[in-house]
Amino acid sequence: MNSSRRTFIKRGLLGAATIPLVNISFSEAKASGLPMLDPNIINAKALAYTDDYKTVQSKPEYKPDSTCLNCSYFNPENGACPIFAGFAVAAEGWCRAWRPVR
Ligand code: SF4
């Protein structure tokens with residue numbers, strides 16, 4: 043098997059493994075009792091928060107493949123984000139405060 047085919051298969055397996063994690067984070071966010079952040083409230087609008095990163099992919103400040111799920115502020119245990127204290131954010135969301143996980 044050549045290395046590009048091996049890499050393709052590995053990425054496919056990783057992608058398949060990621061889908062259940064997204065579902066778990068949503069379930070846990072609901073179980074935590076945190077309300078989901080409304081993108082229309084003023085604090086969310088100030089940082090251009092969206093619950094669907096695909097809606098902001100054309101913005102110049104959007105970094106490719108950045109979502110709440112791979113943001114250093116995101117808590118995968120309950121979906122909380124300290125930038126929006128008291129709320130859970132969508133795993134596939136995004137805002138201008140996004141920082142990569144180190
Ligand atoms: S700071 Fe990170 S986790 Fe919080 S809303 Fe913005 S992108 Fe999502």
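Numbering-wise (this note's numbering), the sequence shown opens with residue 43 and increments by one.
We put the beta carbon where it would ideally sit given N, CA and C, even for glycine.
(1) Just checking my contact of residue 135 with residue 104 at CB under 8 Å: how many whole Å lie between their CB atoms?
(2) From 99, 137 and 100, pick the residue whose C-alpha is nearest to that of residue 125; which is it?
(3) From residue 78 to residue 88, what does the alpha carbon distance come to, in whole angstroms?
(4) Considering just the uninterrupted stretch of the alpha helix (DSSP H) at residue 87, what are its terminal residues?
(5) Say yes only if the C-beta of residue 144 is nearer than 8 Å to one or more non-hydrogen atoms of ligand 1, and no if none qualify.
(6) Roughly how many angstroms lie between the CA atoms of residue 70 and residue 116, to the nearest whole one?
(7) Excluding the 5 residues preceding and the 5 following residue 111 in the sequence, name in chain order all residues of the same chain whose CB lies nearer than 6 Å to its CB.
(8) Kindly examine ligand 1 and report whether one of its heavy atoms sits closer than 8 Å to the Cβ of residue 97.
A quick look at the data gives this:
(1) Here residue 135 corresponds to residue number 93 of the sequence shown, with the count starting at 1. Here residue 104 corresponds to residue number 62 of the sequence shown, with the count starting at 1. With 8 Å as the limit, residue 135 and residue 104 do not qualify as a contact, their Cβ atoms being about 12 Å apart.
(2) Locating residue 125 in the sequence shown gives position 83, counting from the first residue. Residue 125 has its Cα closest to that of 137, out of 99, 137 and 100.
(3) Here residue 78 is taken as the residue at index 36 of the sequence shown, counted from 1. Here residue 88 is taken as the residue at index 46 of the sequence shown, counted from 1. Each residue's alpha carbon lies about 17 Å from the other.
(4) Your numbering for residue 87 matches position 45 in the sequence shown. Start and end: 84 to 88.
(5) Along the sequence shown, read from residue 1 onward, the residue named residue 144 stands at position 102. No, ligand 1 has no heavy atom inside 8 Å of this Cβ.
(6) Residue mapping note: residue 70 aligns to position 28 of the sequence shown, counting from 1. Residue mapping note: residue 116 aligns to position 74 of the sequence shown, counting from 1. Note that residue 70 scores a pLDDT of 46, beneath 50, so its modelled location is shaky; the value from the coordinates is reported in the next line. Taking the CA atoms as reference points, residue 70 sits about 13 Å from residue 116.
(7) Stepping through the sequence shown from its first residue, residue 111 is reached at position 69. Hits under 6 Å: 133.
(8) Within the sequence shown, the letter at position 55 stands for residue 97. Relative to the non-hydrogen atoms of ligand 1, the Cβ of residue 97 never comes closer than 8 Å to any of them.
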